[in-house]
Amino acid sequence: MARALRLTARVALVLGGILLALYGLFALVYRGDSGGSGHTYVPLAGRELDAQLVGAIALVLGVMLFLTAIWPFQPARRREDDR
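Next comes the structure, spelled out in structure tokens:
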């Protein structure tokens, strides 16, 4: 049961990290309706924020979340007395 819960949490973190990183990439390359001239903004929590700032933060958080999900979950090594 504990293993299934760990696997579910791991999958959720990996998917969340990937989605957040993709949102960050899309926000970084977003040029808006103006055709690339001027500043671009994205709506977030009812406010308009700079698209490049939001994209950079989302990309960094997404990569960190993804790495957090895959790095510490190494398979446990068997000890000599467990055999």
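Numbering (our numbering), first residue to last: 1 to 83.
Even glycine gets a Cβ: it sits at the ideal position worked out from N, Cα and C.
Computed from a predicted model, the values in this text were never measured in an experiment.
Pairwise C-alpha distance: residue j and residue i
i, j, result
"Leu25", "Leu44", "16 Å"
"Ala21", "Ala4", "26 Å"
"Arg47", "Met1", "42 Å"
"Gly62", "Leu7", "19 Å"
Cβ-Cβ separation, residue j to residue i (assumed contact under 8 Å), whole Å
i, j, result
"Val42", "Ala51", "5 Å"
"Leu19", "Gly55", "With a Cβ gap of about 14 Å, Leu19 and Gly55 do not count as contacting."
According to DSSP, residues forming a beta bridge with residue i
i, result
"Tyr41", "Asp50"
Close Cβ partners of residue i (< 7 Å) along its chain, the five nearest in sequence each way excluded
i, result
"Met64", "none"
"Leu49", "Tyr41, Val42"
"Ala69", "Arg10, Leu13, Val14, Gly17"
Cβ neighbours of residue i in the same chain (closer than 6 Å, five flanking residues each side left out)
i, result
"Tyr30", "Thr40, Ala51"
"Tyr23", "Ala58"
"Trp71", "none"
Contacts around residue i, its chain only, beta-carbon distance under 8 Å, and the 5 residues preceding and following it disregarded
i, result
"Leu67", "Gly17"
"Leu53", "none"
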